[in-house]
Amino acid sequence: MSVLDSKVPKGPLKDKWTDYKDHIDLVNPANKRNIDVIVVGTGLAGGSASATLAELGYNVKAFCYQDSPRRAHSIAAQGGINAAKNYQGDGDSTYRLFYDTVKGGDYRSREANVYRLAEVSANIIDQCVAQGVPFARDYGGLLDNRSFGGVLVSRTFYAKGQTGQQLLLGAYSAMNRQIARGKITMNNRHEMLDVVKVNGKARGIIARNLITGEIERHSAHAVVIASGGYGNVYFLSTNAMGSNTTAAWKIHKKGAFFANPCYTQIHPTCIPRSGDYQSKLTLMSESLRNDGRIWVPKNIEDVKAIREGSKKPTDLSEDERDYYLERRYPAFGNLVPRDVASRAAKERCDAGYGVNATGEAVYLDFASAITRYGKEQAKIQGITNASEAKIYELGQAIVEAKYGNLFQMYEKIVDQNPYKTPMMIYPAVHYTMGGIWVDYNLMTTIPGCYAIGEANFSDHGANRLGASALMQGLADGYFVLPYTIGDYLSDDIRTGKIATDTPEFDAAEKEVKERLEFFTTNKGEHSVDYYHKKLGKIMWDKCGMSRNAEGLKEAMTEIKALREDFWKNVSVPGGANEMNPELEKAGRVADFLELGELFAKDALTREESCGGHFREESVELDGEQEGEAKRNDTDFAFVSAWEYKGEPSDAVLHKEELEFNDIELKQRSYK
Amino acid sequence: MNLTLKIWRQKSPEKKGKMVDYKVTDISEHMSFLEMMDVLNEQLINSGEEPVAFDHDCREGICGMCSMYINGEAHGPDRGVTTCQLHMRMFKDGDTITIEPFRATAFPVLKDLVVDRSSFDRIQHAGGYISVNTSGNTQDANATPISKHDADEAMDAATCIGCGACVASCKNSSAMLFVGAKVSQYALLPQGQVEAVDRVKNMVAQMDLEGFGNCTNTGACEVECPKGISLENIARMNREFLSANLKG
Amino acid sequence: MSGFFNSSIGRKIAMALSALFLMFFLLQHLAINILSVFSPDTFNEVSHFMGTNPLVQYALQPVLLFGVIFHFVMGFILEIKNKKARTVKYAKNNGAANSTWMSRNMIYSGLFILIFMIIHFLDFWIPEINTKYIVGDMSGQLPNGEGFRYYEELVHKFEPIWRVALYCIGFVFLSLHLLHGFNSAFQSVGANNKYTKGLKTFSKIYSIGIPVGFILIALVHHICH
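Residue numbers (the numbering used here), protein chains in the order written: chain G, 1141 to 1811; chain R, 110 to 357; chain Y, 17 to 241.
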């Protein structure tokens, strides 16, 4: 029997959550006033959880490293949020959303959690509308939907290209109401640097005030980690510069198991890197693939000519172009799922067909869409014998109406007009499906310590579908955690305030201070970014879109060596008792240097290809699917939960076997 | 390209600050402004000096964290962008670029180019919300139709990223575009009506308390706003405020 | 409502309302003065009516005075408060990039208008009050009794070239003040909508037309007499 108990309730799938809620222990309102909860991170999950817990009557202490909760990186999500509302009448249902999410996750998520997610999805939309979130509406005044990759219905709610922003501002406004009531104490510009356990339970955190550098002790009856994903382990990603794994990694080191670290989503449509100075990557909404055709030149000579500037992409005739997605996946073409599209781009660029100076870019071409729309418009407007220029003009107007803001953003960054010349795109790290292992209550393996949102592992399996991240963050924060945490806290009504002048807090604070002191006094020769960039390169080259045993072993060795060098040679200017962004970065990169190794170890252990994790050794060897990812349900239908044992390489694997009672496991095919 | 930078350096809120000159070389025109600052900081770290502290996070123009006053304009000379989206191709080889923190009494400098904008948060605490509990039994999202026009206008107001460029650009350091945008978002939606009177009064009172100046309608905020928030939102707030006071 | 007038927006609306009232007064003032160019007799009659009508003298005149003083005093109070909102100045500020010179310098155009107003009051208003309420001559007649005095006094004032020049400069500042102030007043009271574009055109006509009208009157009287 595994040490992991998922605590999934018994009973039929569709009744589990309702029955469970009905029988869960509650804390009465008078007692909630005596209970404190710490929430670390104020994105969609942390923000919504803070607000809801405070509404219920708990005293919430919320923490974020930004200068305001409104700036959490959830704000950057563009596309939308899924919900099984069936407003479009296209046959959507809770079951369908559940099914799509499990299938999209390549059958590596926990069925009961995903079903609950689908169940509460509709409530999220109701709640957000009530908060004043200005979702897009149609002319009848009702909510509009768009469809997203990998599904057959229109269930995505959106607010222009800024859905994440609007949902986050909704959660932020709910927080503001509670801050004004005094139920949330907001600690901006604070970073959690350790969790404090008392008698085995999470009872507080050590945080650093990023303005003054002061080390603070905060106690609570439960600690909720909502600190997001660890995509920045790659240095370059679509994450914010400050996004980090420190909070998650600290609880891992204190006993929380880390699940499936190798599941990373690499998003196919990002703006390519332009040089070594690049600090981050910018995502272009996936919706572009609805109308854009992806290609590289067929002949290597043309690639060279384009790189030298002697040829332009528009000079190449149709015969000279390789629309590789349409060639390889005739059924889905340019609309294959994210992981497939990303790998295909990498395959072409590795073969030398990348079209920019770095060799890491492919074209996303709208010319044929513009012509197609132009012809349609000419017909609608009754223009006969329209000139090519006129058709182009008419088509461009349609494309502009659909993607204008994205095209503008592209032009600002790249300084090329995407109406005139094809866009260049390349995959970039975007989201991490892996994270802290949690049970059905969202509790980690440390009693009283919870993980929600991207920080946990539970709902997306090995690959996340578009518009599902926002749904999960808000589901956890608004509708799941506030119930399940009561079950745990009901035992704490007589505990009283947790004291911070105890040996446990002393020890944790001492450890934190020693580490900070090391950084500020070490006479090293390299900046923190020097190490972060090196780590990123190892991760990208060896734990990126495609992985093999040899590369992963090398990655483990190289990361370990890099980490040892870091602890000898890192140089951090400034002191610990002041605002010091370099010191903040040093702590975060130190944790990434450990996580990176565990990541590689996890990827090495998982000898199958599933979702975002592609092992070159596990491919179909023959038939129609030759060369495509091959999942191994017999040996790997489990969650890898890693227990910390000192060095990342010594981590111990615990398996949570995944059971699928309501879904039949199938191999994905997009041919 | 090679550039001379004149940057405001200030150790802490209490210490006096001053402009300091730096040189950076081999800057690519494809770099973003903040990547140019990264180059400068790497250079400073390698020569044992303290790097320049500046706020930044998402680097894609949506979080509202970055906040520099570049050559006399909030977020620099380009339009419709934040500093992180400003590219070096807006400058020429040999240019001298002046970089200062956003200046306002209500935005005290914390260090170098980092300012404290928590006054914005406190204005939101005063009324930037609709009082609705999370229950799972809220009325159905489609129960109240909202005209597309109103929903779109509310969305336009809601795109404010709270960066503070409006305050920094305003000769009076007025926060009315920021507050006007929030008041407008809720004023345009039926959900916002119930608390409308108290909301606008409380938010304006808090805004005044924080020490922001008064609006003299120069329109600088609208021009410098990276999200193009319209002055109409200030006019709407003025109307809302007037009618709230007439109602009592 | 006391809270209202102590609030930033309340004061801004009060500024705008006093401005709208003053702009209406300017229009009326110009309309009467223009009569002096075309028909001295009508000008005299209207002036006498305005100068002796109890409603105008005892009700509207104090309101106007209050409006003028309020607008100036409140303008200065707000300016001081606004200056306090930024105590450390920018080393480099490129205001021209985002706003008009007029909008940024209302306090200076206002100050010049204030100086002009003092001279204007010394020229016309004080002698008028003196004649009517100190000396007690409400007849409006010239000392020699050969008809009304208003036209003669006006023409006489514009004989010296220095005064004409001073008035012209004063009106240029008035124009600059109005070029921002007119629209600004509407924006302050919350009128920014689909009519704003038309209003902006009208604003330009008004802001240039009114001062040019006054300047022309002064020039005509200076040149023709």
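Note that the Cβ used here is the ideal one computed from N, Cα and C, for glycine as well. Please read all numbers here as calculations on a predicted model, not as lab measurements.
Cβ neighbour criterion (16 or more within 10 Å) applied to residue i
| i | result |
| --- | --- |
| R:D265 | buried |
| G:G1617 | buried |
| Y:I29 | buried |
| R:F200 | buried |
| R:Y295 | buried |
| G:R1256 | buried |
| G:P1169 | exposed |
| Y:A112 | exposed |
| R:E349 | buried |
| R:T134 | exposed |
| Y:W141 | exposed |
| G:W1157 | buried |
| G:I1440 | exposed |
| Y:P4 | There is simply no residue 4 of chain Y to check, as chain Y begins at 17 and stops at 241 in what is shown. |
| G:Y1513 | buried |
Residue i - partner residues in DSSP beta bridges
| i | result |
| --- | --- |
| R:T205 | R:T113 |
| G:V1539 | G:V1539 is not bridged to any residue. |
| G:I1434 | G:L1504 |
| R:S283 | R:G322 |
| R:Y131 | R:L114 |
| G:N1199 | G:D1176 |
Any chain C beta carbon closer than 9 Å to residue i
| i | result |
| --- | --- |
| R:T192 | Note that chain C does not occur in the displayed structure, where the protein chains are G, R and Y. |
Beta carbon of residue i nearer than 9 Å to that of residue j
| i | j | result |
| --- | --- | --- |
| Y:N92 | Y:I134 | What sits at residue 92 of chain Y in the sequence shown is Phe, not Asn. No, Cβ-Cβ distance for Y:F92 and Y:I134 is not below 9 Å. |
| Y:Y106 | R:E209 | yes |
| G:Y1550 | G:E1500 | no |
| G:I1406 | G:R1478 | yes |
| G:M1685 | G:R1483 | yes |
| R:C324 | R:M285 | yes |
| G:G1245 | G:G1736 | no |
| G:K1201 | G:T1386 | no |
| Y:F137 | Y:L190 | no |
| G:L1733 | G:R1703 | yes |
| G:Y1784 | G:P1149 | no |
| Y:A201 | Y:M90 | no |
| G:M1563 | G:V1569 | no |
| G:V1495 | G:P1558 | no |
| G:V1177 | G:N1199 | yes |
| G:G1432 | G:D1505 | yes |
Nearest candidate by alpha-carbon position, reference residue i, set the options
| i | options | result |
| --- | --- | --- |
| G:I1215 | G:G1574, G:F1776, G:L1610, G:L1605 | G:L1610 |
| G:Q1807 | G:D1790, G:F1732, G:N1400, G:Y1247 | G:Y1247 |
| G:A1791 | G:V1476, G:K1741, G:V1293 | G:K1741 |
| R:C330 | R:T134, R:H184, R:P122, R:N180 | R:H184 |
| G:A1639 | G:H1361, G:D1155, G:Y1503 | G:H1361 |
| G:K1390 | G:E1797, G:G1727, G:T1745 | G:G1727 |
| G:D1230 | G:S1313, G:I1265, G:T1296 | G:T1296 |
| G:V1373 | G:L1675, G:N1439, G:L1196, G:I1523 | G:L1675 |
| R:W117 | R:Y238, R:I255, R:D225, R:K220 | R:K220 |
| G:T1454 | G:D1627, G:Y1503, G:T1192, G:K1420 | G:Y1503 |
| G:A1185 | G:V1167, G:C1204, G:I1175 | G:C1204 |
| R:T113 | R:M128, R:D147, R:K132, R:G126 | R:K132 |
| G:T1624 | G:N1171, G:D1632, G:L1582, G:D1646 | G:L1582 |
| Y:G225 | Y:L42, Y:M31, Y:G26 | Y:L42 |
Assumed close pair residue i, residue j - CB separation to whole angstroms, cut-off 8 Å
| i | j | result |
| --- | --- | --- |
| R:C272 | G:H1213 | Contact flag wrong, Cβ pair sits at about 16 Å. |
| Y:N110 | R:L340 | Their Cβ separation, rounded to whole angstroms, is 20 Å, which puts Y:N110 and R:L340 out of contact at 8 Å. |
| Y:K108 | R:G181 | 4 Å |
| R:Q233 | G:A1270 | About 18 Å separates the two Cβ atoms, so there is no contact after all. |
| G:D1747 | G:E1757 | It is worth fixing the name first, because residue 1747 of chain G is Glu in this sequence and not Asp. Indeed they touch by this definition, with Cβ atoms about 7 Å apart. |
Residue i Cβ short of 8 Å to the ligand SAM heavy atom set
| i | result |
| --- | --- |
| R:R212 | Among the components of this structure there are no ligands whatsoever, and the ligand SAM is therefore not found. |
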